[in-house]
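Numbering (my numbering), first residue to last: 81 to 546. The next block holds one structure in the form of structure tokens; read it before the comments.
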């Protein structure tokens with residue numbers, strides 16, 4: 081390592097040694113890609129001062145890693161010389177904190193107002209506010225909540241006269257925005273995505289079950305019942321339309337891919353050849369991304385989602401998230417499980433993603449009578465909060481799972497829509513299960529149906545509820 085690199089490395093270590101302060105006042109830099117792109121347009125040559133140049137490089141590195149940026153890092157940028165780079169650095173500093181940390185003004189509104197005011201007055205206000213924030217952050221005699229309150233008031237004062245961020249929409253505005261969305265869909269024609277995306281099973285489509293940004297669909301079942309496979313199949317069906325990021329907390333990607341290959345080729349994975357995999361991988365591979373790193377909290381999942389969006393900005397618009405399984409994101413304590421459930425719903429809202437969340441059912445249902453063992457919405461394990469926060473709950477049941485049920489058909493399965501927040505119907509729907517292929521399918525026929533009935537069933541269109 082060269083001397084300049086060693087010097088820069090030691091400077092970064094010194095600046096970020098105080099982790100307590102970083103947890104007190106932080107700015108989640110990766111939350112706004114526009115700010116990241118704005119920072120990337122700057123060059124190290126724009127800063128004449130060596131300290132500011134080192135700080136700029138360190139800040140970019142943290143942006144890339146999706147980490148947090150403290151005021152101590154941004155202090156470097158305020159040490160730049162009195163020229164355009166100093167103005168640009170101060171502008172980026174205050175706009176980042178104003179738009180992202182304290183939600184006073186959005187980035188678009190900020191840039192419009194920048195062009196309306198005197199650059200000299202604006203620069204003076206920004207630099208002074210930034211220096212006061214740095215001094216505030218160096219205080220050790222204030223509690224964390226007091227520091228945040230003081231910093232919020234300081235930013236509000238620095239942005240005096242700005243148009244504040246809209247906190248509510250009037251009904252007229254909502255009508256107009258909805259009309260704009262419909263106009264865009266009409267303009268796109270057949271290529272437009274529906275309001276709710278189908279999960280790929282006919283029984284769910286007839287009940288109006290679909291996923292959209294901000295929604296959480298939970299798939300409930302006992303351990304070993306096949307809930308993860310059913311969720312993975314739903315994810316792959318969605319991946320034919322939109323990108324899907326699947327978080328696997330129990331299986332690594334080779335195990336998942338073995339199941340996918342068996343489902344697509346209709347042969348067990350150990351019988352597949354490399355030639356079949358090469359040809360099927362080109363023709364049948366969907367827009368599915370597997371994250372098998374392992375995460376212990378919802379915050380860790382959100383950080384991975386933001387990093388994924390930074391690496392693939394073209395896929396960020398209609399992203400669907402899969403979690404297998406949700407109870408792994410918190411300790412097995414009811415209160416902590418309730419917090420994780422609420423955090424997943426908040427993540428779906430704030431990140432504008434749809435979430436497929438696989439959940440384990442309570443083992444107590446095994447003690448019920450055979451006809452009452454189909455999981456219901458309140459059978460979630462560890463905490464009932466998973467039922468409250470989910471928009472739709474789908475349970476999976478197979479009689480062959482239980483040894484005490486005689487003459488159970490191993491190829492027969494049952495799905496049940498236990499809850500729909502939007503008022504849709506709740507009912508059971510039939511499924512078939514292929515054990516060697518670990519694959520659920522829509523039934524081709526039911527016992528007792530005549531050929532005419534089967535033809536009528538296949539010809540009947542699915543209601544357009546999306």
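Even for Gly, the Cβ is constructed at its ideal location relative to N, Cα and C.
query: Candidates 426, 504, 523: which alpha carbon is nearest residue 513's?
result: Just measuring C-alpha positions, the residue of 426, 504, 523 sitting nearest residue 513 is 523.
task: Measure the CB-CB distance between residue 291 and residue 297 and report whether it falls below 7 Å.
output: In contact: residue 291 and residue 297 (Cβ atoms closer than 7 Å).
query: Considering residue 311, what are the terminal residues of the alpha helix (DSSP H) in which it resides?
result: Its alpha helix (DSSP H) spans residues 307-319.
field: Beta-carbon proximity of residue 289 to residue 472, cut-off 7 Å
entry: Judged by their CB atoms, residue 289 and residue 472 are nearer to each other than the 7 Å cut-off.
Proximity of residue 476 and residue 305 at Cβ, strictly below 7 Å: Yes; because the gap between Cβ atoms is below 7 Å, this pair is in contact.
- prompt: My guess is that residue 318 and residue 277 are in contact by the Cβ rule of under 8 Å, so how many angstroms apart are they, rounded?
  reply: That belief holds up - the Cβ atoms of residue 318 and residue 277 are roughly 6 Å apart, short of 8 Å.
field: Coarse secondary structure for residue 420, derived from DSSP in three states
entry: If DSSP states are grouped into helix, strand and coil, residue 420 belongs with the helices.
Close-in-space but distant-in-sequence residues of the same chain around residue 395 (CB under 6 Å, 5 per side omitted): Around residue 395: 323.
message: Rounded to whole angstroms, what is the Cα-Cα separation between residue 520 and residue 309?
response: Distance between the alpha carbons of residue 520 and residue 309 is about 8 Å.
query: Where does residue 438 land, buried or exposed, given buried means 16+ other C-beta within 10 angstroms?
result: The Cβ neighbour count for residue 438, taken over all protein chains shown within 10 Å, is at least 16; the residue is labelled buried.
field: DSSP state of residue 340 mapped onto helix, strand, coil
entry: Reduced to three states, the DSSP call for residue 340 is helix.
message: Distance check for residue 416 and residue 445, CA to CA, integer angstroms please.
response: Rounded to the nearest angstrom, the two C-alpha atoms are 23 Å apart.
- prompt: Nearest CA to the CA of residue 504: which residue from 510, 496, 263?
  reply: Nearest C-alpha to residue 504: 496.
- prompt: Among 515, 517, 518, 511, which residue has its Cα nearest to the Cα of residue 282?
  reply: If we check each option's Cα against that of residue 282, 511 comes out closest.
query: So with Cβ pairs under 7 Å, would you call residue 336 a contact of chain C?
result: The displayed structure is made up of one protein chain only, and chain C is not part of it.
query: In this structure, what does DSSP give as the bridge partners for residue 291?
result: For residue 291, the pairing in a beta bridge is given by DSSP as 277.
message: Can you look up residue 480 in the DSSP assignment and give me helix, strand or coil?
response: If DSSP states are grouped into helix, strand and coil, residue 480 belongs with the helices.
task: Name, in chain order, the residues that DSSP records as bridge partners for residue 505.
output: Answer by DSSP bridge pairing: none, since residue 505 is not bridged.
- request: With a 10 Å radius around its C-beta and 16 neighbouring C-beta atoms as the bar for buried, classify residue 490 as buried or exposed.
  value: Looking at its Cβ environment, which holds fewer than 16 other Cβ atoms inside 10 Å, residue 490 is exposed.
message: Suppose you measure from the CA of residue 458 to the CA of residue 467; what does that come to, to the nearest Å?
response: Between residue 458 and residue 467, the C-alpha separation is close to 6 Å.
query: Say the cut is 6 Å; is the CB of residue 255 nearer than that to a heavy atom of the ligand FMN?
result: As far as ligands go, the structure on display features none, and thus does not contain the ligand FMN.
query: What separation, rounded to the nearest whole angstrom, lies between the Cα atoms of residue 398 and residue 293?
result: If you take the alpha carbons of residue 398 and residue 293, they lie about 8 Å apart.
message: Helix, strand or coil for residue 263? Go by DSSP, reduced to three states.
response: Residue 263 carries a helical assignment under DSSP once its states are collapsed to helix, strand and coil.
Assigned exposure category for residue 295 - 16 Cβ within 10 Å defines buried: Buried is the label assigned to residue 295, since at least 16 other Cβ atoms lie within 10 Å of its Cβ.
query: With 16 as the cutoff for other CB atoms within 10 Å, does residue 374 come out buried or exposed?
result: Sixteen is the threshold: since fewer than 16 other Cβ atoms of the shown chains lie within 10 Å of the Cβ of residue 374, the residue is exposed.
message: Taking 8 Å as the cut-off, does the segment 340-352 touch the segment 403-423 (at least 3 CB pairs, one atom from each stretch)?
response: These segments do not touch.
- request: Just the C-alpha distance for residue 366 and residue 313, rounded to the nearest angstrom, thanks.
  value: So the alpha carbons of these two residues sit roughly 11 Å apart.
task: Could you round the C-beta distance between residue 342 and residue 518 to whole angstroms and report it? I think they count as a contact, below 8 Å.
output: Sure, about 6 Å apart at Cβ, within 8 Å.
message: At 4 residues or longer, what runs of the alpha helix (DSSP H) sit wholly inside the segment 368-448?
response: Taking 4 residues as the shortest admissible run, the segment 368-448 contains the following complete alpha helix (DSSP H) segments, listed from N- to C-terminal end: 378-391, 414-431.
task: Specify, as a first and last residue, the run of the beta strand (DSSP E) that residue 325 falls within.
output: Run containing residue 325: 324-328, per the beta strand (DSSP E) assignment.
- request: Compare the C-alpha of residue 328 against each of 273, 409, 251, 270 and name the closest.
  value: Measuring from the Cα of residue 328, the nearest candidate turns out to be 409.
- request: State the Cα-Cα distance for the pair residue 483 and residue 265, rounded to the nearest angstrom.
  value: When rounded, the distance between both Cα atoms is 51 Å.
query: When you compare only the Cα positions, how much space is there between residue 404 and residue 452?
result: Going by the C-alpha atoms only, they are around 26 Å apart.
- request: Can you tell me which of the three DSSP states residue 496 falls into?
  value: Annotated three-state conformation of residue 496 is strand, per DSSP.
- request: For residue 514, write down the residues that DSSP places opposite it in a beta bridge.
  value: Answer by DSSP bridge pairing, in chain order: 519.
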